[in-house]
Structure formats: structure tokens, C-alpha cells
Amino acid sequence: MPLEFRFPDVGEGIHEGKIVQWLVKEGDVVAVDQPFVKVETDKAVVDLPAPKAGGVLALRFAAGETIQVGDVIAVFGAPGENGTSAAGAAAPAAPALPAAPAAVSRAAAPTSPHSGKILATPHTRAYARKRGVDLVSVTPTGKGGRITDEDVDRALEGTSPARLQNPPAPPSSVSAAPSAPVEITEAGPVTREPISHLRKVIAEAMAASKRTSAHVTHVDEADVTDLVELYRKVKGAVEADGKTKFSLMPLFVKAVVAMLKRHPLLNASYDEARGEIVLKRYYHIGMAVDTPDGLIVPVLKNADRKDMLQLAAEIADLAQRARERRLSLEELKGGSFTITNIGPIGGLIATPIIHQPELAIAAFFAIKERPAVVGGAVVPRKLMNIAISFDHRIIDGAEGARAAAGLVRLLENPGLLMVSL
């Protein structure tokens, strides 16, 4: 029996994606869990796995099209089966895109063949929209009065009544090189560039977070001289094999986890609809990764259960695959707290934005050698600023300050941090 694959609801506010590339074609045979399509979604391009072994009966969308959660994007079954599901609810497989006909009748549209709501799948609607066909005047032949892709094709061929809306322009015989149009403004010339799907998602997420949470940022300073000394000793031993790369991030992650165990409100979310605080009994730490395409936040699952070497390997792996846009959906969701390390770039302080639906985020800044008073004497020390943004709806300023002070204490005392592991 054919099996429809619907774009899954993966949570984390993801409600749409874009087909980037089909890794299979209709008629191919796939194994269960074999990646069959690349979809650009919230902060990553991910591979979706085939739900069963068998044939690829139908691919419902073209590369570049936007899909919504719940849309049927592919149909799988035994080789040779029909691509229509047993329930008959899915649209037939989309045929190869035909060239626009040289001429289409512009006769006045006949009376609409529809008595009420137009029935068509999201794919068929997009299929018609691309060809400039108004579905109102297309005669449906599908089950239950549903319009199919073939109905749209017949409308274009003139064998079914149809009325064109914004018909597609005939292809030019000479392909001009694309160039951004120059717009002359009062201040001078400008060009406009469309934003990527990822940038659109980031923009919406950042604005939504500022609208949702009552952001407060608490800033503190940590003397990490001893931590840096420990790091250098450990780094040399760990990297001796030439395979493992060790950074300060595993130490930051462990310090954050120890702090969260003492301040559980920062490892929670707020269910506003039910008026409840959801205290997480797990420590899934999101880590912000700067990529050429934009900010991506993979998640270190169960960071409290992993040792330094495990964290070092996983951090390096997730960061690399984030830059290559090869993360799975599972690796992007479920975070309970997020950290961002600005240190490699530089800067003294900033106010990080909370990653919804979390309640707090910590930022680590550049470690700089600065004068400090130790035992009554001014000596050079390695100092680092940290910032914790938290949701003041749930976390009071005093609790946020205590959490930051606890994190500073752990960073300044590596021995205490080791005991807390």
C-alpha cells in the first residue's frame, strides 16, 4: 500500500521549509532511512529519511518550492504501484514541467465549474500558480471534485475551460546575465537583494523572542587565569594524538551545566497558555555557531552525562556540520539553555537574545590580560566578561544575578568545577 510522506512537525516553531534538492527521482528504489530530499528549514539544510524501503512513487514538489508542515511531499510503496494513496487524498505525481504553449485561448472564461470551495492540494495550487492558471475555472476530474495536475495541464492545452491569471512570459531566446536593479533614491543609488530562507527565519525568530520575553541582561567579570592554565595543560595532552581538537567550549559547557543544577529556573520554559513553569530535568545545551549563511544553533544532548573528551569531539563535529549545513532536524531541537562564545571574534560585551522557548542564554566574551587587584597588589590577570540574558517574566533580577555569580565562581575555581562534574 502506498505511504504518503508528510513534512513533519519537528517543533521549535518550525512551520515551513523549502525543497533544496531531491536526492532521488520517481521510480528509484530506496532503503529505509535513506536520505531522499534536502529541505532548508529553521537554521539548517537537513536530509529527510525515507520512512520505508521500496519505490519512490511520486515527488509532489519541485526544488525551490516552499512546503508547509503536513504537506505530502513524496509517496513511497512497492515498485510499480500507483502514486496515489489508498485513501485517494494525495494529488497525482507532478509531471515534468512542460514548456509554455505558444498561444493559449484568451476567450472569456465560462461559468465556474465549481459550486463551492476549490479542492486542490498545495502542490497543485502551486503548479497552477506557476503556469498562470486560475483554479476557479478549471474543471476538476479527481476524486470528490478535486483538481489534479492533469486538469491544470488540460486547461493549458485548451481541452478544458480555464482563465489565465498573469500568464507566464515566453522564454527569451537569449539569456541575459542576472543583475541587481539599481534604484535611485534621494540619497543616492541603491540595490536590493532578497534575503535567504535562513535569514528570514532568523529575523522572525529574533523579533518574536524580543516580543515574547521580558529581556534583562546581567553582566559580570570572571578571572579565568587558573582556568586558562588548566586548559593549556589539558589541551596539550588531549591533542597529542593529532586527532582531537580541544577548545575552551567543553569547560564552558560543564560550568553552565553545574550552574543550571543550582539555578533550575534558567533551565526551564514558560507555558503561558497553562500558566505553568516547565522545569527541565535534562541538560540539552544549544551552542550558537557562526556560519557563512547565518547563525545556527545545534544542541548538545545530555551534556551533563558526557566527559570533556566526548564534549570536545561532539562540539567540533556539530560546529563543522553546521557550517556545511549537514545537521539533522533532531540535532537542532530540544535545547534547554543556549550558550554563545563571542571570544574568538572579540569584543567586551553584548546582550544576547533568548532562544525561544528557553528562559535564558549565556554569552562568553574575549579573554584579555588586564590589570587586577590580587592580595592588595595590581597584577596582570586573564579576565573575561560574561553576560546572561533572562526572561524577567519568570526569573527575578536577584536570581539572575545569583546565577551569574555562581557561573563566575565555577570559572574562577577550576578545582571546584572539576568536583562539580
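Position one of the sequence shown corresponds to residue 16 (our numbering), numbered consecutively onward. Where is the CB? At the ideal position from N, CA and C, for every residue including glycine. Since this is a predicted model, take the numbers as computed values, not measurements.
Taking C-alpha atoms, which residue in the options lies nearest to residue i?
| i | options | result |
| --- | --- | --- |
| residue 399 | 354, 358, 309 | 358 |
| residue 4 | 203, 45, 265, 425 | As displayed, the chain neither begins before 16 nor continues past 436, which places residue 4 out of reach and without an answer. |
| residue 22 | 68, 16, 76, 46 | 76 |
| residue 318 | 161, 343, 352 | 352 |
| residue 34 | 90, 80, 272, 256 | 80 |
| residue 24 | 303, 408, 224, 56 | 56 |
| residue 47 | 248, 214, 82, 91 | 91 |
| residue 225 | 254, 348, 390, 369 | 369 |
| residue 428 | 51, 289, 242 | 242 |
| residue 366 | 405, 349, 389, 348 | 405 |
| residue 299 | 268, 288, 389, 252 | 268 |
| residue 290 | 82, 161, 408, 155 | 408 |
| residue 310 | 332, 356, 170, 135 | 356 |
| residue 214 | 78, 416, 308, 346 | 308 |
| residue 146 | 133, 164, 160, 135 | 164 |
| residue 418 | 338, 374, 65 | 374 |
| residue 78 | 412, 306, 142, 325 | 142 |
| residue 362 | 200, 347, 346, 383 | 383 |
| residue 331 | 49, 263, 320 | 263 |
| residue 338 | 246, 306, 201 | 306 |
Here's a check: name, in chain order, each residue in its chain whose Cβ is nearer than 8 Å to the Cβ of residue i, leaving out the five neighbours to either side.
| i | result |
| --- | --- |
| residue 127 | Unreliable placement is indicated for residue 127, whose pLDDT of 48 sits below 50; no coordinate value is reported for it. |
| residue 364 | 234, 380, 400, 402 |
| residue 420 | 235 |
| residue 111 | Confidence at residue 111 is low in this model, with a pLDDT of 37, below 50, so its placement is unreliable and no value can be given for it. |
| residue 371 | 28, 220, 223, 224, 227, 228 |
| residue 82 | 22, 31, 32, 33, 34, 54, 76, 88, 137 |
| residue 254 | 260, 261 |
| residue 66 | 18, 20, 47, 91 |
| residue 36 | 52, 53, 78 |
Only counting the same chain, and skipping five residues up and downstream in sequence, which positions put a Cβ closer than 6 Å to that of residue i?
| i | result |
| --- | --- |
| residue 438 | One cannot answer for residue 438 here, as it falls past the ends of the chain, which runs 16 to 436. |
| residue 43 | 71 |
| residue 250 | 261 |
| residue 342 | 59, 313, 336 |
| residue 205 | 198 |
| residue 423 | 235, 237 |
| residue 228 | 369, 406 |
| residue 323 | 265 |
| residue 349 | 299, 314 |
Just to confirm, are residue i and residue j a CB contact at a threshold of 9 Å?
| i | j | result |
| --- | --- | --- |
| residue 53 | residue 74 | no |
| residue 87 | residue 340 | no |
| residue 38 | residue 344 | no |
| residue 377 | residue 239 | no |
| residue 438 | residue 166 | Look at the range of the chain in this structure, 16 to 436, and you will see that residue 438 is not part of it. |
| residue 293 | residue 334 | no |
| residue 231 | residue 410 | yes |
| residue 437 | residue 301 | Nothing can be reported for residue 437, as the shown portion of the chain is limited to 16 through 436. |
| residue 295 | residue 284 | yes |
| residue 169 | residue 154 | yes |
| residue 196 | residue 96 | no |
How about residue i: is its C-beta nearer than 9 Å to some C-beta of chain D?
| i | result |
| --- | --- |
| residue 88 | Among the protein chains of the structure shown there is no chain D, as only one such chain exists. |
Please return the same chain residues whose Cβ sits closer than 7 Å to the Cβ of residue i, not counting the five positions on each side in sequence.
| i | result |
| --- | --- |
| residue 425 | 270, 273, 274, 431, 432, 435 |
| residue 114 | Any answer about residue 114 is weak, because its pLDDT of 39 lies below 50 and its placement is not dependable; what the coordinates show is given next. Counting only Cβ-Cβ distances below 7 Å, and skipping sequence neighbours, we find nothing. |
| residue 161 | 134, 135, 155 |
| residue 415 | 231, 233, 403, 405 |
| residue 286 | 293 |
| residue 139 | 106, 162, 163, 164, 167 |
TODO: For the segment 280-296 and the segment 307-318, state whether three or more C-beta atom pairs, one from each stretch, are separated by less than 8 Å.
DONE: no
Open item on the list: Extract the residue ranges of the beta strand (DSSP E) inside the segment 345-385, only unbroken runs of 3 or more that lie entirely within it.
Closed with: 352-356
Task: Touching by the beta-carbon criterion (3+ pairs, under 8 Å), the segment 383-397 and the segment 197-213 - done: no
TODO: Counting only runs of 3+ residues fully inside the segment 269-328, write out the beta strand (DSSP E) ranges in chain order.
DONE: 283-286, 291-294, 300-302, 304-306, 309-311
Task: Completely contained alpha helix (DSSP H) runs for the segment 230-254, where each covers 4 or more residues - done: 240-253
Task: beta strand (DSSP E) segments (min. 3 residues) lying fully within the segment 26-67 - done: 31-37, 50-56, 59-64
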